[in-house]
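Enquirer:
Residue numbers (our numbering), protein chains in the order written: chain A, 1038 to 1526; chain B, 55 to 373.
Right, dumping it as structure tokens:
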């Protein structure tokens, strides 16, 4: 018997020996030769690990995340559940060349977004020059007439921007969405790197990866620059909705990294149009606030009257220039999917350049031809409601039931302006640990850009991964996880 | 630089009190369990309820002060704000609000302690296991204290932490003495009997003071001596004297160092308590009535807590 065992013993399988991502572009084994070369260090590292050891280490990471309370909160049946964002330990690689394109593309996009926002609240050349229909911006629920006539230091409305990118079957990156309000997830970028460094140091050996740890310092620099009284005189705080907010961990993280107070609405008071926080020594002034509260809840005197999270009078203080709010009020127009569709035209209008990063092909259903096309090809398209976030209400044609398709058709006909449609993307994949070994899973990428006087992009960004086989939905609220993202130096 | 947010000052003060309270509840349950084993009456368990003035709440929820019921009530009962589970949950909620100010180690330890308690089932706190459980709680609270002293940045929040911790300790010690002094003495057991001695022995042990007491009094164990030791010995870290003098010094330093206006009223209240505890002698306390003296101290602590709120916590929600 013993001999038989010996005779049948085969080479031990490595983590990736059976891996195949066909027909998708793969982030590790990607088609062209230059990528294969760049990724070979990591592939070699993965080949030295066996599945069981890898699973054990991953389990330890999950426990560590729980112990550290690095969680986001979901609400189910009125119960509060703290969830860990699953961390997949196989990193996603971006080569130096790829990063150059992404960085320039994001900087261009942010520049255009800021010019666009300044324009729609002031000169409105985009409407006059017919770049997009005025109603699309002005009737948008995120357009804030209160901001008309406002100019901001350096013309910066969007201080923190998250640009969602996907990579198509052709290996190129496309913009899927702009997040110009309060993009979240950057804390995971930094924490994921820490996790890799602690738990999988052997994978990083001999690979030069650009650091991500200075995000907090860049952020406070960018925010402080916004204070007209001089960066040294800036008194910065981070305004959070509080411990029950799903992103509270990130608020803590950012306040800590910047070394600034983490305040809630109830900690602040406005007197004579100046914003103060309540401290043990009485009221103390703030002049730059990184607010993680949506416009709607910011000031019950101006927006939603029932908001208990906000600060009465803060808009008046902002209008008088006594406080900087980052991001500025009214930036939500720009990250609406209805405006997204026009972004390539907006970039050309303001910068006279072609977009470095293209949009995903998008049909604007308010335009009759696009609506007809969408109705005719519904089973092959992804239909997205405008003005939603978190992946809710998205209908993926090829996966939808007949019933759902019919309902969607009715909705489209009834209110076409509420929708855009896009082809089903051949989202790229990345090797990911699953119950049955390492398999391809679809990923996206959200780089983060900080803008004060100029724009800095954090090398890498948040790679979200759809953990369900074949799924394209990467949102954390719907079964997504995340990966460490390595930009090679 | 700016001062500490009022809300966070309140949160850190209460976090300290809640952890200290959890620690003391565990001490009292542990001692009650181990010294009541040879008894058939439920009287020692009733005493725990009286100690915390919880008779009404307990009666609403349980028929009888059996060991099982009292342990359940003070360990896992989610409807008892004073249960160990709730104290630690509140402390962790406060720690969440304080997270930017706490070391990762401090936060992680409290977070893990909290999830450990959530995994505890009724069967884990039965008679024969309760000593282990209480040891775990004490150890976790002590680890917390160790992390405070080792990793907490000694800025304003540290002062509020230490003041909260000292005040809670003083309060818990008075409760311990009060209940034993007034509920045990008038029973059928004559003063100085075996049962009386073993009860005072238990009190000293629950406050981790037995050995220290022996260094002061080589012979004899009387209610009077034990009470004097626990309340007034300035060297004993849980005494009212030691804790109130400490809280007073800390408050004075805090106000000076951080230039806090509005602290005058609370400081003079705190000074009065510290002087009272420092200068008191046990004879006059007993002459004036032990219960009355203790009642006054507890009222002073409650008054100081309110005055701290008025002076520094603005209108922040507390507890």
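Just so you know, even glycine gets a beta-carbon here, dropped at the ideal spot from N, CA and C. As the structure is a prediction and not an experimental result, all values here were calculated from the model.
Just verifying my parser: in three-state terms, what is the DSSP assignment at residue 287 of chain B?
Expert: Counted from its first residue, the second chain places residue 287 of chain B at position 233. In the structure shown, residue 287 of chain B adopts coil according to DSSP, grouped into three states.
Enquirer: Should the region 1342-1352 of chain A be called in touch with the region 1222-1238 of chain A, which here means at least 3 C-beta pairs below 8 Å?
Expert: no
Enquirer: Exposed or buried, which one is residue 25 of chain B when buried takes at least 16 other CB atoms within 10 Å?
Expert: The question about residue 25 of chain B has no answer, for chain B in this structure spans 55 to 373.
Enquirer: Counting Cβ pairs closer than 8 Å, one from the region 1158-1173 of chain A and one from the region 1443-1450 of chain A, do we hit at least three?
Expert: Short answer: they don't touch.
Enquirer: Any residues in the region 1309-1329 of chain A with a beta carbon nearer than 8 Å to a beta carbon of chain B? Which ones, in chain order?
Expert: 1314, 1315, 1316, 1317, 1318, 1319 and 1321
Enquirer: To which residues does DSSP link residue 1314 of chain A through a beta bridge?
Expert: The residue labelled residue 1314 of chain A in the question sits at position 277 within the first chain. DSSP lists A:1305 and A:1321 as partners of residue 1314 of chain A.
Enquirer: Specify the secondary structure class of residue 295 of chain B as computed by DSSP and reduced to three states.
Expert: Here residue 295 of chain B is taken as the residue at index 241 of the second chain, counted from 1. Here residue 295 of chain B sits in helix by DSSP.
Enquirer: Give me the chain A residues within the contact set of residue 161 of chain B, using Cβ-Cβ distance strictly less than 8 Å, ordered along the chain.
Expert: The residue given as residue 161 of chain B occupies position 107 in the second chain. Neighbourhood of residue 161 of chain B in chain A, by CB distance below 8 Å: 1105 and 1106, in chain order.
Enquirer: To the nearest whole angstrom, what separates the beta carbons of residue 1022 of chain A and residue 1383 of chain A, a pair I think is in contact under 8 Å?
Expert: Given a span of 1038 to 1526 for chain A in the structure shown, any question on residue 1022 of chain A remains unanswerable.
Enquirer: Using a Cβ-Cβ cut-off of 8 Å, state whether residue 1303 of chain A counts as contacting chain B.
Expert: As a working note, residue 1303 of chain A is residue 266 in the first chain. It does: the Cβ of residue 1303 of chain A has a partner Cβ on chain B nearer than 8 Å.
Enquirer: Identify each residue in the region 1347-1367 of chain A for which the Cβ-Cβ distance to at least one residue of chain B is less than 7 Å, and report them in chain order.
Expert: none
Enquirer: Grouping DSSP H, G and I as helix and E and B as strand, with all else coil, what is residue 1161 of chain A?
Expert: Walking along the first chain from the start, residue 1161 of chain A turns up at place 124. Coil, per DSSP.
Enquirer: Taking 8 Å as the CB-CB limit, is residue 203 of chain B close to chain A?
Expert: Along the second chain, one-based indexing puts residue 203 of chain B at 149. No - not a single Cβ of chain A is within 8 Å of the one on residue 203 of chain B.
Enquirer: What did DSSP end up calling residue 210 of chain B once you bin it into helix, strand or coil?
Expert: Working through the second chain from its first residue, we reach residue 210 of chain B at position 156. Three-state result, residue 210 of chain B: helix.
Enquirer: Within 8 Å, do at least three Cβ pairs link the region 77-91 of chain B to the region 182-191 of chain B?
Expert: Three or more Cβ pairs closer than 8 Å define a contact, and the region 182-191 of chain B meets that threshold against the region 77-91 of chain B.
Enquirer: Count the other CB atoms, across all protein chains shown, that sit within 10 Å of the CB of residue 67 of chain B; report buried if there are 16 or more and exposed otherwise.
Expert: Reading the second chain from its first residue, position 13 is the one you call residue 67 of chain B. Buried, by the Cβ-count rule.
Enquirer: Okay, do the region 1389-1403 of chain A and the region 1215-1230 of chain A touch, 3+ Cβ pairs below 8 Å being the bar?
Expert: As far as the Cβ criterion goes, the region 1389-1403 of chain A does not touch the region 1215-1230 of chain A, which means the pair count is below three.
Enquirer: Mind checking who residue 1499 of chain A pairs with in its DSSP beta bridge?
Expert: As a working mapping, residue 1499 of chain A is identified with position 462 in the first chain. Answer is A:1483.
Enquirer: Look at the Cβ atom of residue 292 of chain B, then the Cβ atom of residue 332 of chain B, and state whether they are nearer than 8 Å.
Expert: The residue given as residue 292 of chain B occupies position 238 in the second chain. The residue given as residue 332 of chain B occupies position 278 in the second chain. Not in contact: residue 292 of chain B and residue 332 of chain B (Cβ atoms no closer than 8 Å).
Enquirer: State the DSSP-derived secondary structure class of residue 1248 of chain A, mapped to helix, strand or coil.
Expert: Stepping through the first chain from its first residue, residue 1248 of chain A is reached at position 211. In the three-state reduction of the DSSP assignment, residue 1248 of chain A falls in the coil class, being assigned neither a helical nor a strand state.
Enquirer: Rounded to the nearest angstrom, what separates residue 1430 of chain A and residue 61 of chain B at their Cα positions?
Expert: Counting from 1 along the first chain, the entry for residue 1430 of chain A is found at position 393. Counting from 1 along the second chain, the entry for residue 61 of chain B is found at position 7. Rounded to the nearest whole angstrom, the C-alpha separation of residue 1430 of chain A and residue 61 of chain B is 39 Å.
Enquirer: To the nearest angstrom, report how far apart residue 55 of chain B and residue 312 of chain B are at their CA atoms.
Expert: Translated into the one-based positions of the second chain, residue 55 of chain B becomes position 1. Translated into the one-based positions of the second chain, residue 312 of chain B becomes position 258. When rounded, the distance between both Cα atoms is 10 Å.
Enquirer: Rounded to the nearest angstrom, how far is the Cβ of residue 230 of chain B from that of residue 336 of chain B, given a contact under 8 Å?
Expert: Locating residue 230 of chain B in the second chain gives position 176, where the first residue counts as 1. Locating residue 336 of chain B in the second chain gives position 282, where the first residue counts as 1. 16 Å between Cβ atoms; not a contact.
Enquirer: Rounded to whole angstroms, what's the CA-CA distance from residue 1128 of chain A to residue 1140 of chain A? Just pull it up for me.
Expert: The sequence position of residue 1128 of chain A within the first chain is 91, counting from 1. The sequence position of residue 1140 of chain A within the first chain is 103, counting from 1. The straight-line gap from Cα to Cα measures roughly 19 Å.
Enquirer: Which residues in the same chain have their Cβ closer than 6 Å to the Cβ of residue 1051 of chain A, if we skip the five residues on either side of it in sequence?
Expert: To locate residue 1051 of chain A, count along the first chain from 1; it is residue 14. Closer than 6 Å at the Cβ level, and outside the excluded window around residue 1051 of chain A, lie 1084.
Enquirer: Comparing the C-beta of residue 165 of chain B with each C-beta of chain A, is any distance below 8 Å?
Expert: Working through the second chain from its first residue, we reach residue 165 of chain B at position 111. Interface flag for residue 165 of chain B against chain A is set, since a Cβ pair is found closer than 8 Å.
Enquirer: What are the residues that DSSP puts in a beta bridge with residue 1198 of chain A?
Expert: Start at 1 with the first residue of the first chain, and residue 1198 of chain A comes out as number 161. The partner list for residue 1198 of chain A (beta bridge, DSSP) reads A:1486.
Enquirer: Rank A:1186, A:1380 and A:1467 by C-alpha distance to the C-alpha of residue 1482 of chain A and give the top, closest one.
Expert: For the purposes of this step, residue 1482 of chain A is taken as the residue at position 445 of the first chain. Closest by alpha carbon: A:1467.
Enquirer: Beta-carbon within less than 6 Å of residue 73 of chain B's beta-carbon, same chain only, minus the 5 sequence neighbours each way: which residues are those?
Expert: The residue labelled residue 73 of chain B in the question sits at position 19 within the second chain. 145, 195 and 198, listed in sequence order.
Enquirer: Is the region 1359-1367 of chain A touching the region 1177-1194 of chain A, taking contact as three or more C-beta pairs under 8 Å?
Expert: yes
Enquirer: Using only the alpha-carbon positions, how far apart do residue 1514 of chain A and residue 1292 of chain A sit?
Expert: Position 477 of the first chain holds residue 1514 of chain A. Position 255 of the first chain holds residue 1292 of chain A. Residue 1514 of chain A and residue 1292 of chain A have their C-alpha atoms roughly 24 Å apart.
Enquirer: Using C-beta distances below 8 Å, list every residue in its chain close to residue 1256 of chain A, excluding the 5 sequence neighbours before and after it, in chain order.
Expert: Numbered from 1 along the first chain, position 219 holds the residue referred to as residue 1256 of chain A. So the list reads 1197, 1291, 1294, 1295, 1327 and 1487, once near-sequence residues are dropped.
Enquirer: Between the region 63-76 of chain B and chain A, which residues of the former have a C-beta closer than 7 Å to a C-beta of the latter?
Expert: 63
Enquirer: Name the one or two DSSP bridge partners that residue 1109 of chain A has.
Expert: As a working note, residue 1109 of chain A is residue 72 in the first chain. Answer is A:1120.
Enquirer: Can you list, in chain order, the residues of its chain with a C-beta nearer than 8 Å to that of residue 108 of chain B? Leave out the 5 residues immediately preceding and following it.
Expert: In the second chain, residue 108 of chain B corresponds to position 54, counting from 1. Within the same chain, residue 108 of chain B has close Cβ partners 127, 134 and 136.
Enquirer: Have a look at residue 329 of chain B and residue 349 of chain B and give me their C-alpha separation to the nearest angstrom.
Expert: Numbered from 1 along the second chain, position 275 holds the residue referred to as residue 329 of chain B. Numbered from 1 along the second chain, position 295 holds the residue referred to as residue 349 of chain B. Approximately 16 Å, taken between the alpha carbons.
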